[in-house]
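Asker:
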Amino acid sequence: MKTAVISLLLFCNLSAVPLTLNDAIAMALKSHPQTQLALLRLQSTQADTQAASAALYPRIDLNGEYYPTKTVVMPSNGTLSTHQTDAFHADVSGSYSLWDFGRNDHLIQATKFAQEGSIADKRSIENILIEQIWFQYTAITYLNRLIETAQKSAEFYQAQYAQAVQMREVGLKTHADESRFKASWLEADDRLSIARSEREKALMTLGLLVGNDNATEIDEADFDHRTNTLAIAFEEKNAIRQELSLRNAQLQKLQTLINRDKALSHASQKQPYGNVMLVGSYGYDSSLASYDSSQIGIRGTIPLYDGGRLSAEAQKSRISLSLAQKEYENTEKMLWQELYGAMLDFHRYDETIAAKEGVMTAMQKTLTLTQGRYTQGLATYIDVLESQSVLENARVAHADAKLQKIRAWLTVQRLLNKGN
7 MKTAVISLLL FCNLSAVPLT LNDAIAMALK SHPQTQLALL RLQSTQADTQ
57 AASAALYPRI DLNGEYYPTK TVVMPSNGTL STHQTDAFHA DVSGSYSLWD
107 FGRNDHLIQA TKFAQEGSIA DKRSIENILI EQIWFQYTAI TYLNRLIETA
157 QKSAEFYQAQ YAQAVQMREV GLKTHADESR FKASWLEADD RLSIARSERE
207 KALMTLGLLV GNDNATEIDE ADFDHRTNTL AIAFEEKNAI RQELSLRNAQ
257 LQKLQTLINR DKALSHASQK QPYGNVMLVG SYGYDSSLAS YDSSQIGIRG
307 TIPLYDGGRL SAEAQKSRIS LSLAQKEYEN TEKMLWQELY GAMLDFHRYD
357 ETIAAKEGVM TAMQKTLTLT QGRYTQGLAT YIDVLESQSV LENARVAHAD
407 AKLQKIRAWL TVQRLLNKGN
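Laid out in C-alpha coordinates, this is it:
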(Lines of atoms letter the chains of each structure in order from A and count residues from 1; the text may use other names and numbers.)
(Lines give C-alpha, C1' and ligand atoms only; values in the text may rest on other atoms or scores of the structure.)
Protein backbone atom coordinates (compact mmCIF):
# COMPACT_ATOMS: atom_id res chain seq x y z
CA MET A 1 0.00 0.00 0.00
CA LYS A 2 2.81 2.38 0.90
CA THR A 3 4.52 1.76 -2.46
CA ALA A 4 1.28 2.44 -4.31
CA VAL A 5 0.80 5.74 -2.48
CA ILE A 6 4.35 6.86 -3.23
CA SER A 7 3.96 5.95 -6.92
CA LEU A 8 0.75 7.96 -7.16
CA LEU A 9 2.43 10.96 -5.56
CA LEU A 10 5.32 10.89 -7.96
CA PHE A 11 3.35 10.62 -11.16
CA CYS A 12 -0.11 12.09 -10.51
CA ASN A 13 -1.27 15.69 -10.31
CA LEU A 14 -3.05 17.59 -7.57
CA SER A 15 -5.97 15.17 -7.62
CA ALA A 16 -3.70 12.40 -6.28
CA VAL A 17 -4.33 10.49 -3.07
CA PRO A 18 -3.55 12.81 -0.11
CA LEU A 19 -0.13 12.29 1.40
CA THR A 20 0.00 10.94 4.95
CA LEU A 21 2.53 12.22 7.43
CA ASN A 22 4.37 8.88 7.70
CA ASP A 23 4.78 8.62 3.94
CA ALA A 24 5.94 12.24 3.68
CA ILE A 25 8.61 11.68 6.32
CA ALA A 26 9.77 8.41 4.74
CA MET A 27 10.03 10.00 1.29
CA ALA A 28 11.94 13.03 2.58
CA LEU A 29 14.45 10.93 4.54
CA LYS A 30 15.03 8.75 1.50
CA SER A 31 15.32 11.33 -1.27
CA HIS A 32 16.23 14.72 0.18
CA PRO A 33 19.74 15.97 -0.78
CA GLN A 34 20.57 16.84 2.83
CA THR A 35 20.20 13.21 3.93
CA GLN A 36 22.26 12.08 0.93
CA LEU A 37 25.03 14.52 1.86
CA ALA A 38 24.96 13.32 5.46
CA LEU A 39 25.27 9.72 4.29
CA LEU A 40 28.24 10.59 2.06
CA ARG A 41 29.96 12.37 4.95
CA LEU A 42 29.41 9.28 7.09
CA GLN A 43 30.89 7.04 4.41
CA SER A 44 33.89 9.39 4.15
CA THR A 45 34.61 9.12 7.89
CA GLN A 46 34.26 5.35 7.68
CA ALA A 47 36.93 5.37 4.95
CA ASP A 48 39.15 7.56 7.18
CA THR A 49 38.86 5.01 9.98
CA GLN A 50 39.79 2.20 7.63
CA ALA A 51 42.79 4.17 6.34
CA ALA A 52 44.01 4.99 9.86
CA SER A 53 43.64 1.37 10.99
CA ALA A 54 45.95 0.29 8.16
CA ALA A 55 48.89 1.74 10.14
CA LEU A 56 48.63 -1.24 12.53
CA TYR A 57 49.34 -3.72 9.73
CA PRO A 58 52.66 -4.52 8.01
CA ARG A 59 53.53 -2.64 4.85
CA ILE A 60 55.09 -4.43 1.88
CA ASP A 61 56.54 -2.62 -1.15
CA LEU A 62 57.99 -3.82 -4.42
CA ASN A 63 60.83 -1.57 -5.62
CA GLY A 64 62.69 -1.57 -8.93
CA GLU A 65 65.51 0.51 -10.44
CA TYR A 66 67.25 0.40 -13.80
CA TYR A 67 70.16 2.58 -14.96
CA PRO A 68 71.27 2.32 -18.61
CA THR A 69 74.63 3.84 -17.69
CA LYS A 70 76.33 3.52 -14.33
CA THR A 71 79.97 4.30 -13.44
CA VAL A 72 81.51 1.76 -11.13
CA VAL A 73 84.85 2.50 -9.39
CA MET A 74 86.95 -0.60 -8.56
CA PRO A 75 90.48 -1.12 -7.14
CA SER A 76 92.88 -2.89 -9.49
CA ASN A 77 96.59 -3.53 -8.70
CA GLY A 78 96.66 -0.72 -6.17
CA THR A 79 94.92 1.78 -8.38
CA LEU A 80 91.31 2.73 -8.95
CA SER A 81 89.73 2.13 -12.30
CA THR A 82 86.26 2.99 -13.60
CA HIS A 83 83.93 0.87 -15.63
CA GLN A 84 80.78 1.85 -17.53
CA THR A 85 77.91 -0.61 -17.36
CA ASP A 86 74.16 -0.83 -16.98
CA ALA A 87 72.64 -1.64 -13.59
CA PHE A 88 69.41 -3.16 -12.35
CA HIS A 89 68.04 -3.50 -8.84
CA ALA A 90 64.77 -5.01 -7.57
CA ASP A 91 63.67 -5.81 -4.03
CA VAL A 92 60.71 -6.54 -1.85
CA SER A 93 60.76 -4.55 1.39
CA GLY A 94 58.53 -4.70 4.40
CA SER A 95 58.05 -2.69 7.58
CA TYR A 96 55.99 -3.05 10.71
CA SER A 97 55.51 -0.56 13.52
CA LEU A 98 56.58 -2.16 16.78
CA TRP A 99 56.16 0.81 19.06
CA ASP A 100 55.07 4.42 18.52
CA PHE A 101 54.05 5.25 22.10
CA GLY A 102 50.35 4.80 21.20
CA ARG A 103 50.28 7.55 18.57
CA ASN A 104 48.54 5.45 15.91
CA ASP A 105 46.02 4.20 18.47
CA HIS A 106 45.03 7.78 19.26
CA LEU A 107 44.76 8.61 15.56
CA ILE A 108 42.47 5.63 15.01
CA GLN A 109 40.35 6.68 18.00
CA ALA A 110 40.09 10.18 16.50
CA THR A 111 38.70 8.81 13.22
CA LYS A 112 36.22 6.63 15.12
CA PHE A 113 34.99 9.65 17.07
CA ALA A 114 34.66 11.56 13.80
CA GLN A 115 32.59 8.67 12.47
CA GLU A 116 30.32 8.84 15.52
CA GLY A 117 30.01 12.58 14.95
CA SER A 118 28.86 11.94 11.37
CA ILE A 119 26.21 9.53 12.66
CA ALA A 120 24.96 12.16 15.11
CA ASP A 121 25.03 14.78 12.36
CA LYS A 122 22.91 12.49 10.16
CA ARG A 123 20.38 12.10 12.99
CA SER A 124 20.30 15.87 13.47
CA ILE A 125 19.58 16.45 9.79
CA GLU A 126 16.85 13.80 9.85
CA ASN A 127 15.24 15.47 12.87
CA ILE A 128 15.30 18.83 11.10
CA LEU A 129 13.67 17.33 8.00
CA ILE A 130 10.99 15.66 10.11
CA GLU A 131 10.34 18.98 11.84
CA GLN A 132 10.03 20.70 8.47
CA ILE A 133 7.56 18.09 7.21
CA TRP A 134 5.46 18.47 10.36
CA PHE A 135 5.63 22.26 10.10
CA GLN A 136 4.47 22.28 6.48
CA TYR A 137 1.54 20.07 7.46
CA THR A 138 0.82 22.51 10.29
CA ALA A 139 1.09 25.55 8.04
CA ILE A 140 -1.19 24.00 5.42
CA THR A 141 -3.78 23.13 8.07
CA TYR A 142 -3.51 26.63 9.56
CA LEU A 143 -3.97 28.20 6.12
CA ASN A 144 -6.97 25.95 5.51
CA ARG A 145 -8.49 27.42 8.69
CA LEU A 146 -7.74 30.94 7.44
CA ILE A 147 -9.35 30.11 4.10
CA GLU A 148 -12.40 28.76 5.89
CA THR A 149 -12.65 31.86 8.08
CA ALA A 150 -12.16 34.26 5.16
CA GLN A 151 -14.70 32.37 3.08
CA LYS A 152 -17.32 32.49 5.85
CA SER A 153 -16.61 36.18 6.34
CA ALA A 154 -16.93 36.90 2.63
CA GLU A 155 -20.23 35.03 2.47
CA PHE A 156 -21.47 36.85 5.56
CA TYR A 157 -20.56 40.32 4.25
CA GLN A 158 -21.98 39.48 0.83
CA ALA A 159 -25.29 38.48 2.41
CA GLN A 160 -25.30 41.61 4.56
CA TYR A 161 -24.55 43.74 1.52
CA ALA A 162 -27.43 42.18 -0.44
CA GLN A 163 -29.73 42.72 2.53
CA ALA A 164 -28.60 46.33 2.93
CA VAL A 165 -29.30 46.99 -0.76
CA GLN A 166 -32.84 45.66 -0.42
CA MET A 167 -33.48 47.58 2.80
CA ARG A 168 -32.12 50.81 1.25
CA GLU A 169 -34.42 50.40 -1.70
CA VAL A 170 -37.43 50.35 0.64
CA GLY A 171 -36.05 53.24 2.67
CA LEU A 172 -35.06 51.31 5.79
CA LYS A 173 -31.26 51.74 5.43
CA THR A 174 -28.83 54.23 3.96
CA HIS A 175 -26.06 54.10 1.38
CA ALA A 176 -23.56 54.03 4.28
CA ASP A 177 -24.78 50.57 5.35
CA GLU A 178 -24.59 49.29 1.80
CA SER A 179 -21.11 50.71 1.07
CA ARG A 180 -19.56 49.57 4.34
CA PHE A 181 -20.76 45.98 3.93
CA LYS A 182 -19.48 45.93 0.35
CA ALA A 183 -16.06 47.20 1.47
CA SER A 184 -15.89 44.48 4.13
CA TRP A 185 -16.91 41.90 1.53
CA LEU A 186 -14.08 42.98 -0.79
CA GLU A 187 -11.56 42.90 2.08
CA ALA A 188 -12.65 39.37 3.04
CA ASP A 189 -12.31 38.28 -0.59
CA ASP A 190 -8.77 39.69 -0.65
CA ARG A 191 -7.85 37.83 2.54
CA LEU A 192 -9.30 34.66 1.02
CA SER A 193 -7.17 35.08 -2.11
CA ILE A 194 -4.00 35.68 -0.06
CA ALA A 195 -4.63 32.62 2.13
CA ARG A 196 -5.19 30.42 -0.93
CA SER A 197 -1.96 31.66 -2.51
CA GLU A 198 0.01 31.00 0.67
CA ARG A 199 -1.49 27.53 0.89
CA GLU A 200 -0.34 26.70 -2.64
CA LYS A 201 3.18 27.84 -1.71
CA ALA A 202 3.17 25.62 1.38
CA LEU A 203 1.93 22.65 -0.66
CA MET A 204 4.71 23.21 -3.20
CA THR A 205 7.32 23.43 -0.42
CA LEU A 206 6.06 20.16 1.01
CA GLY A 207 6.29 18.59 -2.44
CA LEU A 208 9.92 19.67 -2.77
CA LEU A 209 10.75 18.28 0.65
CA VAL A 210 9.36 14.84 -0.23
CA GLY A 211 10.93 14.79 -3.69
CA ASN A 212 7.87 15.62 -5.78
CA ASP A 213 8.18 18.80 -7.86
CA ASN A 214 4.41 19.20 -8.09
CA ALA A 215 2.33 20.59 -5.26
CA THR A 216 1.22 17.82 -2.92
CA GLU A 217 -2.12 17.48 -1.17
CA ILE A 218 -2.02 16.41 2.48
CA ASP A 219 -4.20 14.01 4.41
CA GLU A 220 -5.66 16.54 6.84
CA ALA A 221 -7.67 13.93 8.75
CA ASP A 222 -4.45 12.01 9.45
CA PHE A 223 -2.81 15.21 10.66
CA ASP A 224 -5.71 16.23 12.91
CA HIS A 225 -5.71 12.79 14.51
CA ARG A 226 -2.04 13.14 15.37
CA THR A 227 -2.16 16.69 16.67
CA ASN A 228 -5.06 15.90 18.99
CA THR A 229 -2.83 13.48 20.91
CA LEU A 230 0.24 15.71 21.35
CA ALA A 231 1.60 15.83 24.87
CA ILE A 232 4.79 16.80 26.68
CA ALA A 233 5.64 15.62 30.17
CA PHE A 234 6.86 18.59 32.19
CA GLU A 235 9.64 17.24 34.39
CA GLU A 236 12.02 18.92 36.83
CA LYS A 237 14.38 21.41 35.19
CA ASN A 238 17.62 19.57 35.93
CA ALA A 239 16.19 16.30 34.60
CA ILE A 240 15.10 17.96 31.37
CA ARG A 241 18.48 19.62 30.90
CA GLN A 242 20.28 16.36 31.52
CA GLU A 243 18.02 14.64 28.98
CA LEU A 244 18.92 17.37 26.50
CA SER A 245 22.64 16.72 27.01
CA LEU A 246 22.20 12.98 26.60
CA ARG A 247 19.77 12.90 23.67
CA ASN A 248 20.32 15.98 21.52
CA ALA A 249 21.99 14.98 18.25
CA GLN A 250 23.75 18.32 17.83
CA LEU A 251 25.31 18.09 21.30
CA GLN A 252 26.23 14.46 20.67
CA LYS A 253 28.08 15.55 17.55
CA LEU A 254 29.93 18.30 19.44
CA GLN A 255 30.84 15.84 22.21
CA THR A 256 32.34 13.43 19.68
CA LEU A 257 34.32 16.32 18.20
CA ILE A 258 35.70 17.05 21.67
CA ASN A 259 36.70 13.40 22.03
CA ARG A 260 38.24 13.45 18.55
CA ASP A 261 40.30 16.56 19.33
CA LYS A 262 41.44 15.00 22.61
CA ALA A 263 42.70 11.96 20.74
CA LEU A 264 44.46 14.13 18.16
CA SER A 265 46.02 16.19 20.94
CA HIS A 266 47.37 13.05 22.63
CA ALA A 267 48.74 11.83 19.29
CA SER A 268 50.50 15.13 18.55
CA GLN A 269 52.07 15.18 22.02
CA LYS A 270 53.73 11.82 21.31
CA GLN A 271 55.18 12.71 17.92
CA PRO A 272 58.53 13.93 19.38
CA TYR A 273 59.14 10.45 20.86
CA GLY A 274 59.63 8.89 17.43
CA ASN A 275 58.95 5.22 16.73
CA VAL A 276 60.50 1.76 16.49
CA MET A 277 59.95 -0.35 13.41
CA LEU A 278 60.77 -3.84 12.22
CA VAL A 279 62.21 -3.63 8.69
CA GLY A 280 63.40 -6.18 6.19
CA SER A 281 64.05 -6.61 2.49
CA TYR A 282 65.14 -9.14 -0.09
CA GLY A 283 66.59 -7.92 -3.40
CA TYR A 284 68.42 -8.74 -6.59
CA ASP A 285 71.21 -6.63 -8.18
CA SER A 286 72.75 -6.84 -11.60
CA SER A 287 75.67 -4.62 -12.58
CA LEU A 288 79.20 -5.99 -13.17
CA ALA A 289 77.96 -9.08 -11.41
CA SER A 290 74.66 -10.49 -10.31
CA TYR A 291 73.91 -11.23 -6.68
CA ASP A 292 71.10 -11.42 -4.15
CA SER A 293 70.87 -9.34 -0.98
CA SER A 294 68.67 -9.55 2.12
CA GLN A 295 68.40 -7.79 5.43
CA ILE A 296 66.17 -7.75 8.49
CA GLY A 297 66.40 -5.66 11.61
CA ILE A 298 64.94 -2.96 13.82
CA ARG A 299 65.01 0.74 13.05
CA GLY A 300 64.35 3.52 15.52
CA THR A 301 63.60 7.14 14.66
CA ILE A 302 63.66 10.17 16.95
CA PRO A 303 63.06 13.61 15.41
CA LEU A 304 65.74 16.06 16.58
CA TYR A 305 64.90 19.20 14.62
CA ASP A 306 62.01 20.01 12.29
CA GLY A 307 61.85 23.78 12.37
CA GLY A 308 59.17 23.80 15.07
CA ARG A 309 56.57 21.90 13.04
CA LEU A 310 55.79 19.32 15.73
CA SER A 311 55.41 21.89 18.51
CA ALA A 312 53.18 24.02 16.28
CA GLU A 313 50.97 21.02 15.49
CA ALA A 314 50.72 20.18 19.20
CA GLN A 315 49.70 23.76 20.01
CA LYS A 316 47.15 23.73 17.19
CA SER A 317 45.57 20.52 18.50
CA ARG A 318 45.29 21.99 22.01
CA ILE A 319 43.58 25.10 20.64
CA SER A 320 41.19 22.96 18.59
CA LEU A 321 40.26 21.04 21.71
CA SER A 322 39.57 24.24 23.65
CA LEU A 323 37.46 25.60 20.79
CA ALA A 324 35.40 22.39 20.65
CA GLN A 325 34.78 22.51 24.40
CA LYS A 326 33.68 26.15 24.32
CA GLU A 327 31.43 25.54 21.32
CA TYR A 328 29.76 22.68 23.19
CA GLU A 329 29.16 24.84 26.27
CA ASN A 330 27.75 27.72 24.22
CA THR A 331 25.52 25.48 22.11
CA GLU A 332 24.21 23.63 25.16
CA LYS A 333 23.12 26.90 26.77
CA MET A 334 21.34 28.11 23.64
CA LEU A 335 19.58 24.79 23.09
CA TRP A 336 18.51 24.62 26.74
CA GLN A 337 17.02 28.10 26.50
CA GLU A 338 15.18 27.11 23.31
CA LEU A 339 13.94 23.83 24.82
CA TYR A 340 12.66 25.27 28.08
CA GLY A 341 10.93 28.13 26.28
CA ALA A 342 9.25 25.70 23.88
CA MET A 343 7.98 23.54 26.73
CA LEU A 344 6.52 26.57 28.51
CA ASP A 345 4.89 27.75 25.29
CA PHE A 346 3.38 24.33 24.60
CA HIS A 347 1.46 24.29 27.88
CA ARG A 348 0.59 28.00 27.73
CA TYR A 349 -1.09 27.64 24.33
CA ASP A 350 -3.53 25.12 25.81
CA GLU A 351 -4.97 27.99 27.83
CA THR A 352 -5.01 30.28 24.78
CA ILE A 353 -6.82 27.67 22.67
CA ALA A 354 -9.47 27.16 25.37
CA ALA A 355 -9.92 30.93 25.77
CA LYS A 356 -10.35 31.50 22.02
CA GLU A 357 -12.86 28.67 21.79
CA GLY A 358 -14.89 30.41 24.50
CA VAL A 359 -14.65 33.73 22.65
CA MET A 360 -15.82 32.14 19.39
CA THR A 361 -18.85 30.55 21.07
CA ALA A 362 -19.82 33.78 22.81
CA MET A 363 -19.27 36.00 19.77
CA GLN A 364 -21.23 33.69 17.49
CA LYS A 365 -24.24 34.14 19.79
CA THR A 366 -23.62 37.89 20.00
CA LEU A 367 -23.39 38.19 16.23
CA THR A 368 -26.67 36.34 15.74
CA LEU A 369 -28.42 38.65 18.22
CA THR A 370 -26.86 41.76 16.70
CA GLN A 371 -27.96 40.75 13.22
CA GLY A 372 -31.54 40.39 14.45
CA ARG A 373 -31.44 43.77 16.16
CA TYR A 374 -29.94 45.33 13.02
CA THR A 375 -32.76 44.08 10.79
CA GLN A 376 -35.25 45.49 13.29
CA GLY A 377 -33.49 48.84 13.35
CA LEU A 378 -32.35 48.47 16.96
CA ALA A 379 -28.63 48.28 16.10
CA THR A 380 -26.36 49.91 13.51
CA TYR A 381 -24.21 48.27 10.85
CA ILE A 382 -21.21 49.27 12.99
CA ASP A 383 -22.42 46.91 15.73
CA VAL A 384 -22.71 44.08 13.22
CA LEU A 385 -19.25 44.77 11.79
CA GLU A 386 -17.72 44.93 15.25
CA SER A 387 -19.25 41.60 16.30
CA GLN A 388 -18.16 39.93 13.06
CA SER A 389 -14.66 41.37 13.39
CA VAL A 390 -14.25 40.03 16.94
CA LEU A 391 -15.47 36.61 15.78
CA GLU A 392 -13.03 36.59 12.84
CA ASN A 393 -10.11 37.60 15.06
CA ALA A 394 -10.99 34.86 17.54
CA ARG A 395 -11.08 32.24 14.77
CA VAL A 396 -7.71 33.35 13.41
CA ALA A 397 -6.19 33.52 16.90
CA HIS A 398 -7.56 30.05 17.67
CA ALA A 399 -5.91 28.61 14.54
CA ASP A 400 -2.69 30.52 15.26
CA ALA A 401 -2.57 29.18 18.83
CA LYS A 402 -2.84 25.63 17.50
CA LEU A 403 -0.08 26.39 15.02
CA GLN A 404 2.22 27.78 17.73
CA LYS A 405 1.46 24.86 20.05
CA ILE A 406 2.45 22.35 17.38
CA ARG A 407 5.59 24.35 16.55
CA ALA A 408 6.58 24.28 20.23
CA TRP A 409 5.99 20.52 20.33
CA LEU A 410 8.09 20.07 17.19
CA THR A 411 10.92 22.07 18.74
CA VAL A 412 10.92 19.78 21.79
CA GLN A 413 10.89 16.68 19.59
CA ARG A 414 13.86 17.92 17.56
CA LEU A 415 15.92 19.04 20.53
CA LEU A 416 15.37 15.78 22.43
CA ASN A 417 16.06 13.67 19.34
CA LYS A 418 12.57 12.16 19.36
CA GLY A 419 11.64 12.94 15.76
CA ASN A 420 12.58 9.48 14.55
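Count along the sequence shown from 1, then add 6; that gives the number in my numbering.
Quick reminder that beta carbons are idealized off the backbone N, C-alpha and C, glycines included.
Owing to the predicted nature of the structure, the values given are computational and were not obtained by experimental measurement.
Quick check on Ala295: buried or exposed, where buried means 16 or more other Cβ atoms within 10 Å of its Cβ?
Answerer: For the purposes of this step, residue 295 is taken as residue 289 along the sequence shown, with counting starting at 1. Ala295 should be labelled exposed.
Asker: Which residues does DSSP pair with Ser159 in a beta bridge?
Answerer: As a position in the sequence shown, residue 159 is number 153, starting the count at 1. Paired residue(s): none; Ser159 is not in a bridge.
Asker: What number of angstroms, rounded off, separates the C-alpha of Ile412 from the C-alpha of Phe141?
Answerer: Here residue 412 refers to the residue found at position 406 of the sequence shown. Here residue 141 refers to the residue found at position 135 of the sequence shown. If you take the alpha carbons of Ile412 and Phe141, they lie about 8 Å apart.
Asker: Just curious, the beta strand (DSSP E) that Gly70 is in, first and last residue?
Answerer: The sequence position of residue 70 within the sequence shown is 64, counting from 1. Here the beta strand (DSSP E) through Gly70 covers Arg65 to Ser82.
Asker: Less than 8 Å between the C-beta atoms of Gln52 and Ser130, yes or no?
Answerer: If you number the sequence shown from 1, residue 52 lands on position 46. If you number the sequence shown from 1, residue 130 lands on position 124. The answer is no: Cβ separation not under 8 Å.
Asker: Tell me which residues share the same chain as Asp106 and place their Cβ nearer than 6 Å to its Cβ, disregarding the 5 neighbours each side in the sequence.
Answerer: Residue mapping note: residue 106 aligns to position 100 of the sequence shown, counting from 1. Correct list, in chain order: Asn281.
Asker: In three-state DSSP terms, what is Thr180?
Answerer: Translated into positions along the sequence shown, residue 180 becomes position 174. The answer is coil: DSSP assigns Thr180 none of H, G, I, E or B.
Asker: Count the CB pairs spanning the region 106-119 and the region 386-396 that are closer than 8 Å, and state whether there are at least three.
Answerer: These segments do not touch.
Asker: Where does Gly123 land, buried or exposed, given buried means 16+ other C-beta within 10 angstroms?
Answerer: Indexing the sequence shown from 1 puts residue 123 at position 117. Gly123 should be labelled buried.
Asker: To the nearest angstrom, how far is it from the Cα of Ala168 to the Cα of Ala403?
Answerer: As a first step, residue 168 is located in the sequence shown; it is residue number 162 there, counting from the start. As a first step, residue 403 is located in the sequence shown; it is residue number 397 there, counting from the start. Each residue's Cα considered, the two are about 29 Å apart.
Asker: If we ignore side chains and look at the alpha-carbon of each, how far apart do Thr180 and Lys188 end up?
Answerer: Numbered from 1 along the sequence shown, position 174 holds the residue referred to as residue 180. Numbered from 1 along the sequence shown, position 182 holds the residue referred to as residue 188. Each residue's Cα considered, the two are about 13 Å apart.
Asker: Quick check: what's the CA-CA separation for Ile308 versus Ala57?
Answerer: By one-based count along the sequence shown, residue 308 stands at place 302. By one-based count along the sequence shown, residue 57 stands at place 51. Answer to the nearest angstrom: the Cα atoms are 24 Å apart.
Asker: Does Lys332 come within less than 8 Å of chain B when only Cβ atoms are used?
Answerer: The question asks about chain B, but that chain is absent: this structure has only one protein chain.
Asker: Can you give me the Cβ contacts of Pro74 inside the same chain, cut-off strictly under 6 Å, excluding the 5 residues immediately before and after it?
Answerer: On the sequence shown, position 68 is the one that residue 74 refers to. If you ignore the 5 residues before and after Pro74, its C-beta comes within less than 6 Å of the C-beta of Asp92, all in its own chain and listed in chain order.
Asker: Kindly indicate which three-state DSSP category Gln142 falls into: helix, strand or coil?
Answerer: As a first step, residue 142 must be located in the sequence shown, where it is residue number 136. In the structure shown, Gln142 sits in a helix (DSSP, three-state: H, G or I).
Asker: How about Arg266 and Ala120: do their beta carbons lie closer than 8 Å?
Answerer: As a working mapping, residue 266 is identified with position 260 in the sequence shown. As a working mapping, residue 120 is identified with position 114 in the sequence shown. Cβ atoms of Arg266 and Ala120: closer than 8 Å.
Asker: Tell me whether the beta-carbon of Ile264 lies closer than 8 Å to the beta-carbon of Gln331.
Answerer: Here residue 264 refers to the residue found at position 258 when the sequence shown is read from its first residue. Here residue 331 refers to the residue found at position 325 when the sequence shown is read from its first residue. The answer is yes: Cβ separation under 8 Å.
Asker: Which partner residues of Leu25 appear in the DSSP bridge assignment?
Answerer: Along the sequence shown, read from residue 1 onward, the residue named residue 25 stands at position 19. As computed with DSSP, Leu25 is found in a beta bridge with Ile224.
Asker: According to DSSP, simplified to helix, strand and coil, what is Ile31?
Answerer: Locating residue 31 in the sequence shown gives position 25, where the first residue counts as 1. Ile31 falls in the helix class under three-state DSSP.
Asker: Identify the continuous alpha helix (DSSP H) that holds Phe352 and give its terminal residues.
Answerer: Counting from one through the sequence shown, the residue named residue 352 turns up at place 346. Taken as a continuous stretch (DSSP letters only), the alpha helix (DSSP H) holding Phe352 covers Arg315 to Thr381.
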